[in-house]
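Trainee:
In the working numbering, the protein residues as written are 1 to 234.
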């Protein structure tokens, strides 16, 4: 279901569309609550907007060190995930989202903590620009956080599914996540059944987190488009 917002975006840039959806997400933040906050350039726009109502909320649970630093710099208290039993809402971006609210996430290397915080929340609100909306997940390289000693075997398992896995690098060294692990980025996949795919890959020994969010899918997506912010509900 799609509900267009009347505000027109005209010829706004991608960065301006991110600002629009970041601001639009404030309507899902309830006063007096602790807010789940994701990671990435679109979420940074939400964090900046959240600062305007920081006196109305208790604080946030963050999915990355980068988001934690940004929240604290703006004077928003950050709670450890173990300090809260549940969150009313988790607001985060996506690398891809399909018409059912399933997502690929992890382009910013925070997929494990994002999935943990999303699991605490009663509602996942995805904020994204319209380029992220796809029919079938898999065009964007799928991030998978793994234990390093399993890299070769997991690469072979993806090859059996038609995927090509490569270790994500930072410079000439493997990128190390906030959890001290490494990432594979997998191309060549068409994920037509995201729930079954997430179930399968999550069981492979050495996989910490696969970047398919089907169990923790979005209930709402605020999509920045040339016509303005559109609300998709799933």
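Cβ atoms here follow ideal geometry from the backbone N, Cα and C, with glycine treated the same way.
From 77, 91, 61 and 167, pick the residue whose C-alpha is nearest to that of residue 85; which is it?
Mentor: The candidate whose alpha carbon is nearest that of residue 85 is 61.
Trainee: Which of helix, strand or coil does DSSP assign to residue 140?
Mentor: coil
Trainee: Assuming residue 98 contacts residue 137 (C-beta within less than 8 Å), just tell me the rounded distance between them.
Mentor: Yes, they are in contact, since the Cβ atoms of residue 98 and residue 137 sit about 6 Å apart, within 8 Å.
Trainee: Per DSSP, residue 199 is paired with what?
Mentor: Looking at the DSSP assignment, residue 199 forms no beta bridge with any residue, so it has no partner.
Trainee: Find out if the Cβ-Cβ distance for the pair residue 106, residue 144 is shorter than 9 Å.
Mentor: yes
Trainee: Could you pull the start and end residues of the beta strand (DSSP E) that residue 217 belongs to?
Mentor: Counting along the chain, residue 217 sits inside no beta strand (DSSP E), nor does DSSP assign it H or E at all.
Trainee: Alpha carbon to alpha carbon, how far is residue 149 from residue 231? Give it in angstroms, no decimals.
Mentor: 42 Å
Trainee: CA-CA distance, residue 195 and residue 176?
Mentor: Distance between the alpha carbons of residue 195 and residue 176 is about 27 Å.
Trainee: Closest by CA to residue 183, which one among 228, 165, 77 and 118?
Mentor: 165
Trainee: So what does DSSP say about residue 158, is it helix, strand or coil?
Mentor: helix
Trainee: Can you tell me whether DSSP reads residue 9 as helix, strand or coil?
Mentor: At residue 9, the pLDDT of 44 sits below 50, so the modelled position is not reliable and the matter cannot be decided from this model.
Trainee: Given that a residue counts as buried once 16 or more other Cβ atoms are within 10 Å of its Cβ, and exposed if not, what is residue 13?
Mentor: exposed
Trainee: Our contact map puts residue 39 next to residue 114 with C-beta atoms below 8 Å; I'd like the distance itself, whole angstroms only.
Mentor: 6 Å
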